[in-house]
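Using the working numbering, you'd call the opening residue of the sequence shown number 690 and step up by one each time. Glycine included, each C-beta is placed from N, C-alpha and C at the ideal position. A quick write-up on the structure given underneath.
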Amino acid sequence: AHKKLVRHEKASGSLLKGYDQPPMDLLDFVRQITDLRNFQTQAVDIFATVNGTYLVNEMQCIFGQSDPYQMLINGQPGRSIDVTDRGLTYGDGLFETIAIRDGRPRFLAHHLDRLAEGCDRLRMARPDRVRLAADIAAAAEFPHGFLKLVLTRGPGPRGYALPAASTPMLAWGTVASEPRASGPVRIRWCETMVTANPATAGLKTLGRLDQVLARAEWSQPEVREGLMTSTEGRLIGGTASKAPAIPAAA
690 AHKKLVRHEK ASGSLLKGYD QPPMDLLDFV RQITDLRNFQ TQAVDIFATV
740 NGTYLVNEMQ CIFGQSDPYQ MLINGQPGRS IDVTDRGLTY GDGLFETIAI
790 RDGRPRFLAH HLDRLAEGCD RLRMARPDRV RLAADIAAAA EFPHGFLKLV
840 LTRGPGPRGY ALPAASTPML AWGTVASEPR ASGPVRIRWC ETMVTANPAT
890 AGLKTLGRLD QVLARAEWSQ PEVREGLMTS TEGRLIGGTA SKAPAIPAAA
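Encoded structure:
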């Protein structure tokens, strides 16, 4: 985690963590400390003042985790999946990224509808919608962040053929974040185009190489997003966002 997030006007003890990119000057500060004493494995607790100064609060060589779990896999706390899982070997699965605002999952019904449609089109068993909705709502008890859900066909033998019997793998976890102020952002056009397949169009499948390659086209932190087109030149959306359609004035 990069930083503690504020809850009820306090960061210490909030148990909320931010996982965004740390500032480079903070990383340089930590490196100076570790290089000075040749620390190989170290956790550094740092205070950041209002004027941007960094102060070391404590240093630890024993790592802990205040959360009872970070991910649920098939309803059980865990961090690993079977190496033969078809989501890992073939991208055979779906995902949904659900925004959490004021302790509530946004557009939950829409996300679950799309997940169910994806299961039907990929010929996968649907998860229990009522139970999943209740679990997501219970996990969303923090002010701001998101929940990432991944559903795969589960472990299977080598080969593309669908297994005669499969046990889907459902994993999800939450990440807290801080709200960003609204305002203009800098974007760019991507050279990498979105490949189209009618069989999977509109689904959030695990195969995201188009977006991965497009996002690799720039590293400037001031560029927030890149727009992608189809092979015919039509605007499809951003690497990690949708492009809203605005009707032309009559």
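- Proximity to G767 across W861, A798, G845 and L851 peaks at W861, based on C-alpha coordinates.
- Excluding the 5 residues flanking it on each side, K931 has no same chain C-beta neighbour closer than 6 Å.
- Counting only residues of its own chain and dropping the five nearest sequence neighbours on each side, T773 has a CB closer than 6 Å to the CB of P844.
- D802 and T778 have their C-alpha atoms spaced approximately 26 Å apart.
- In the structure shown, A814 adopts coil according to DSSP, grouped into three states.
- In this chain, G782 is not harboured by any alpha helix (DSSP H); it is covered by the beta strand (DSSP E) spanning G782 to R790.
- Contact between D781 and T738 is absent: CB atoms are separated by about 49 Å, not below the 8 Å threshold.
- In the DSSP assignment, A865 falls within the unbroken beta strand (DSSP E) covering M858 to A865.
- Straight-line spacing of the CA atoms in L744 and Q731 works out to 16 Å.
- When secondary structure is reduced to three states using DSSP, I925 falls in the strand class.
- Less than 8 Å separates the beta-carbon of T881 from that of D899.
- In the displayed model, V695 falls within coil according to three-state DSSP, outside both helix and strand.
- Secondary structure of A737 (DSSP, three-state): strand.
- When only Cα atoms are considered, K693 and H833 end up about 13 Å apart.
- Counting along the chain, the unbroken beta strand (DSSP E) around F835 starts and ends at H833 to T841.
- E880 carries a coil assignment under DSSP once its states are collapsed to helix, strand and coil.
- In its own chain, leaving out the 5 sequence neighbours on each side, no residue places its CB closer than 8 Å to the CB of V819.
- When Cβ pairs closer than 8 Å are counted between the two stretches, the segment 868 to 885 is seen to touch the segment 918 to 929, the count reaching three or more.
- D899 carries a helical assignment under DSSP once its states are collapsed to helix, strand and coil.
- R875 is bridged by DSSP to V912.
- DSSP places L744 inside the beta strand (DSSP E), whose first and last residues are Y743 to Q749.
- If you check the CB distance, F784 and K893 come in under 8 Å.
- With the rule of 3 Cβ pairs closer than 8 Å, the segment 822 to 829 does not count as touching the segment 900 to 911.
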